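Single-structure report; data block below.
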Amino acid sequence: MREQKSEFYQLLQQQAQSLIEDETDLIANMANLSALLFNEMPDLNWSGFYILRDDVLVLGPFQGKVACVRIPVGKGVCGTAVATGDIQLVKDVHEFPGHIACDAASNSEIVLPVRHSGKIIAVLDIDSPSLARFDSDDQQGLAGLVQLFEQHLARTL
1 MREQKSEFYQ
11 LLQQQAQSLI
21 EDETDLIANM
31 ANLSALLFNE
41 MPDLNWSGFY
51 ILRDDVLVLG
61 PFQGKVACVR
71 IPVGKGVCGT
81 AVATGDIQLV
91 KDVHEFPGHI
101 ACDAASNSEI
111 VLPVRHSGKI
121 IAVLDIDSPS
131 LARFDSDDQQ
141 GLAGLVQLFE
151 QHLARTL
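Now the structure itself:
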């Protein structure tokens, strides 16, 4: 299983690289990465970005049901990822203090900070209707994808 996930994330990174390598627009790249994740990762109900503007995360490109538009830094899983600077891997969002329920069907979530020039500029937020959908292998694979995106940002922004 672990080897299958590793191969899956390697392929996902190759697909992501192909999508973003010739595009310099941040929003276009976020939109394509959201769609790629939503369509390639099984058992998701939302994938997308929140862009940091001042001290508020503002909804960016995503795939899934309508979502919360603004999330203050430090609030919910996304805001906590910005406040701590750490990936948030939540196996049961109902046990996360201050969880913001944009979609009542979400039961687990992973949020990864996206940095440019050392500063967090956005978060990648992925939700699943299944409890404990994400594990350390997903965290590692998605962190690699975010790192690829950050390297691209360093060359284009």
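Going by UniProt numbering, the sequence shown opens with residue 1, and the numbers climb by one from there.
We treat Cβ as the ideally placed atom computed from N, Cα and C, and that holds for glycine.
All values reported here derive from a predicted model rather than from experimental measurement.
Looking only at Ala81, Glu23, Leu11, Leu12, the smallest Cα-Cα distance to Ile71 is reached by Ala81. A distance below 7 Å between beta-carbons, with the five flanking residues on each side excluded, links Val146 to the following residues of its chain, in chain order: Leu112, Val114, Leu124. Only buried fits Asp127, as 16 or more other CB atoms lie within 10 angstroms of its CB. The beta carbons of Ile100 and Leu52 sit no closer together than 8 Å. Assigned with DSSP and collapsed to three states, Leu89 falls in strand.
Straight through space, the alpha carbons of Ala28 and Gly60 are spaced by roughly 10 Å.
Taking every protein chain shown into account, the CB of His94 has fewer than 16 other CB atoms within 10 angstroms, so this residue is exposed.
Nearest neighbour of His116 by Cα position, chosen from Gln140, Cys78, Arg155, Gln88, turns out to be Arg155.
If you look at Leu52, you'll find it in the beta strand (DSSP E) that goes 46–53. The DSSP-derived three-state label of Phe38 is helix. Just so you know, the alpha carbons of Asp54 and Gly79 end up roughly 12 Å apart. Straight-line measurement puts the Cα of Glu23 at about 13 Å from the Cα of Gln151. In this structure Leu19 is in contact with Leu36, their Cβ atoms being roughly 6 Å apart against a cut-off of 8 Å. Secondary structure of Gly60 (DSSP, three-state): strand.
At the C-beta level, Ser106 and Asp92 stay beyond 8 Å of one another.
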